[in-house]
Amino acid sequence: EAGVVQSPRYKIIEKKQPVAFWCNPISGHNTLYWYLQNLGQGPELLIRYENEEAVDDSQLPKDRFSAERLKGVDSTLKIQPAELGDSAVYLCASSAGTAAFGEQFFGPGTRLTVL
Amino acid sequence: AQSVAQPEDQVNVAEGNPLTVKCTYSVSGNPYLFWYVQYPNRGLQFLLKYITGDNLVKGSYGFEAEFNKSQTSFHLKKPSALVSDSALYFCAVRGLGGTASKLTFGTGTRLQVTL
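Below is the structure:
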């Protein structure tokens, strides 16, 4: 069974440029998460989807970040415009349900460097 | 608000010796506790979880964790460490309902196992 797929794995852009990350969750997983992981820190939730609906986006900086999950499968996270402080690893995860005890499966992440 | 503390940035242990990676948590209500491991350039991998029942939980790769409610701790343990266990370990807690249903991670502990 394929795991969570993310692309690109690495991205280098100049500040003020737009950037987009793509995630394909494990087949059948209805819940999808985007996390931000800064160097030396644990992942922090940006947004959680249940099927197509964003049920928790309280930590998403909506002035520059946006996300979508059309058809309840793949998801895209966008930053426009990027700032120097956005340099981090962006992780996507999925789970089979929304129950608190369900484990999440993580992709390898996209490492973003903003110059 | 829920939180996780991993008091050690790094744990060093010789191969064959027992290891412990410490974690304490704070959450309203019953905690759902998780350990994840992160290898270089890879996403987080689920190791084990505590939901209810036996306080000693067994997980992948010979790891186990002990839930202690009175000390609000969930320490990760392994009887005999391997060099291949060297990685970054994250403890996480999840509550129930609203934003408390999100997974909150600690800052991580780097485990270094040497020959």
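Listed in order, the protein sequences are those of chains D and V.
Here our numbering is used: the first residue of the first sequence is 1, the next is one more, and so on.
Here our numbering is used: the first residue of the second sequence is 1001, the next is one more, and so on.
Every residue, glycine too, gets a C-beta built ideally from N, C-alpha and C.
Which whole-angstrom value describes the C-beta separation of residue i and residue j, a residue pair presumed to lie in contact below a C-beta threshold of 8 Å?
{"i": "residue 77 of chain D", "j": "residue 67 of chain D", "result": "5 Å"}
{"i": "residue 1093 of chain V", "j": "residue 1104 of chain V", "result": "5 Å"}
{"i": "residue 52 of chain D", "j": "residue 69 of chain D", "result": "6 Å"}
{"i": "residue 65 of chain D", "j": "residue 3 of chain D", "result": "Going by Cβ atoms, the distance from residue 65 of chain D to residue 3 of chain D rounds to 25 Å, so no, they are not a contact pair."}
{"i": "residue 32 of chain D", "j": "residue 75 of chain D", "result": "5 Å"}
{"i": "residue 1021 of chain V", "j": "residue 1111 of chain V", "result": "6 Å"}
{"i": "residue 1023 of chain V", "j": "residue 1074 of chain V", "result": "5 Å"}
Could you tell me which residues DSSP pairs with residue i in its beta bridges?
{"i": "residue 1013 of chain V", "result": "V:1113"}
{"i": "residue 68 of chain D", "result": "D:76"}
{"i": "residue 24 of chain D", "result": "D:5"}
{"i": "residue 31 of chain D", "result": "D:50, D:95"}
{"i": "residue 1107 of chain V", "result": "The partner list for residue 1107 of chain V (beta bridge, DSSP) is empty, contrary to what the question assumes."}
{"i": "residue 55 of chain D", "result": "Partner(s): none; residue 55 of chain D has no beta bridge."}
{"i": "residue 1091 of chain V", "result": "V:1035"}
{"i": "residue 1003 of chain V", "result": "V:1026"}
{"i": "residue 82 of chain D", "result": "According to DSSP, which records beta bridges pairwise, residue 82 of chain D is partnered with nothing at all."}
{"i": "residue 88 of chain D", "result": "D:112"}
{"i": "residue 116 of chain D", "result": "Limits of chain D in this structure are 1 at one end and 115 at the other, which puts residue 116 of chain D out of reach."}
{"i": "residue 11 of chain D", "result": "D:112"}
{"i": "residue 44 of chain D", "result": "D:36"}
{"i": "residue 19 of chain D", "result": "D:79"}
{"i": "residue 1021 of chain V", "result": "V:1076"}
At 9 Å on the CB atoms, spell out the chain V contacts of residue i, in chain order.
{"i": "residue 28 of chain D", "result": "Going along chain V, no residue has its Cβ under 9 Å from residue 28 of chain D, so there is no contact; the nearest lies around 17 Å."}
{"i": "residue 91 of chain D", "result": "1043, 1044"}
{"i": "residue 106 of chain D", "result": "1036, 1038, 1042, 1043, 1044, 1045, 1046"}
In chain D, which residues lie with their C-beta within 8 Å of the C-beta of residue i?
{"i": "residue 1058 of chain V", "result": "Correct list: empty, because the minimum Cβ distance to chain D is about 15 Å."}
Run down chain D in chain order and give the residues with a C-beta less than 7 Å from the C-beta of residue i.
{"i": "residue 1053 of chain V", "result": "Neighbours of residue 1053 of chain V on chain D: none; closest Cβ ~11 Å, over 7 Å."}
{"i": "residue 1069 of chain V", "result": "The contacting residues do not exist; residue 1069 of chain V stays about 16 Å from chain D at best."}
In chain V, which residues lie less than 8 Å from residue i when you measure between Cβ atoms?
{"i": "residue 40 of chain D", "result": "1107, 1108"}
Quick one: list the residues of chain V neighbouring residue i, beta-carbon separation under 7 Å, in chain order.
{"i": "residue 109 of chain D", "result": "1043"}
At which residue ranges does the region 1027-1077 of chain V contain complete beta strand (DSSP E) runs of 3 or more residues, listed in the order of the chain? 1032-1038, 1044-1050, 1056-1058, 1064-1068
Between the region 1-24 of chain D and chain V, which residues of the former have CB atoms less than 9 Å from a CB of the latter, in chain order? 3, 4, 6, 9
Under 7 Å, CB to CB, which of the residues in the region 1008-1024 of chain V have a partner in chain D? none
Going along the chain, which residues of the region 1079-1092 of chain V sit with their C-beta nearer than 8 Å to a C-beta in chain D? 1090, 1092
Short of 8 Å Cβ to Cβ, which residues in the region 42-54 of chain D face chain V? 42, 43, 44, 45, 48
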